[in-house]
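**Student:**
Numbering (the working numbering), first residue to last: 8 to 137.
1) Is it true that the CB of residue 56 sits closer than 8 Å to the CB of residue 40?
2) So the candidates are 70, 79 and 20; which of them puts its Cα closest to the Cα of residue 110?
3) Please report the distance separating the alpha-carbon of residue 134 from that of residue 35.
4) Where does residue 137 fall in DSSP's three states?
5) Can you tell me the Cα-Cα spacing of residue 9 and residue 37, whole angstroms?
6) Determine which residues share a DSSP beta bridge with residue 37 and list them.
7) By the three-class DSSP mapping on this structure, what secondary structure does residue 87 have?
8) Roughly how many whole angstroms lie between the Cα atoms of residue 123 and residue 13?
9) If we count the other Cβ atoms within 10 Å of its Cβ and call it buried at 16 or more, is residue 50 buried or exposed?
10) When you measure from the CB of residue 19 to every non-hydrogen atom of the ligand FAD, does any distance come out below 7 Å?
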C-alpha cells in the first residue's frame with residue numbers, strides 16, 4: 008500500500024511520521040505527490056491532483072485508489088490498536104460530514120503544526136519511501 012502525501016506540507020509530513028510509528032506491520036510505503044514516483048502512480052490511475060496545491064492524501068493498493076477521507080478510513084484500519092476502532096465510527100459518520108472535516112483540515116494544514124521540523128528518516132524507515 009502506498010500513501011501519497013503533500014511533500015511540502017509540514018502537517019502532512021507529521022501525519023506520515025504518525026502513521027509510521029503506528030504501522031508495526033509495515034503495510035504502508037510513502038511517496039510525495041510531487042515526486043516522480045508519486046506523479047507516475049497518479050498518472051497510472053488517471054488521478055488528477057493540483058501539483059501546486061495538493062489537498063488530498065491518496066492511498067493506492069492493488070491498482071485501486073482512495074482519496075482524502077476515504078484514504079484515512081483505509082489507513083486507520085491497518086494501524087496498531089486503538090486506531091482501527093475509529094473505522095466503524097468514521098464509517099458511520101455521514102460522508103458529507105467526514106469529507107467536510109477532512110477538507111477543513113486540508114485547507115488549513117499549512118497553518119497547523121508549524122513548530123514541527125522536517126525529519127530525515129533513519130535507514131530502516133527510509134526504505135519505506137519510494
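All residues carry an ideal CB built from backbone N, CA and C; glycine is no exception.
**Tutor:** In brief:
1) Yes, these two residues count as a Cβ contact at 8 Å.
2) Of all alpha-carbon atoms in 70, 79 and 20, the one lying nearest the alpha-carbon of residue 110 is that of 79.
3) 11 Å
4) coil
5) 5 Å
6) For residue 37, which the question treats as bridged, DSSP gives the partners 10 and 136.
7) Looking at residue 87 - three-state DSSP - the assignment turns out to be coil, as it is neither helix nor strand.
8) For residue 123, the predicted model reports a pLDDT of 48, less than 50, meaning its position is unreliable; a value from the coordinates is still stated below. Computed Cα separation, rounded: 15 Å.
9) exposed
10) The model depicted lacks the ligand FAD and carries no ligand whatsoever.
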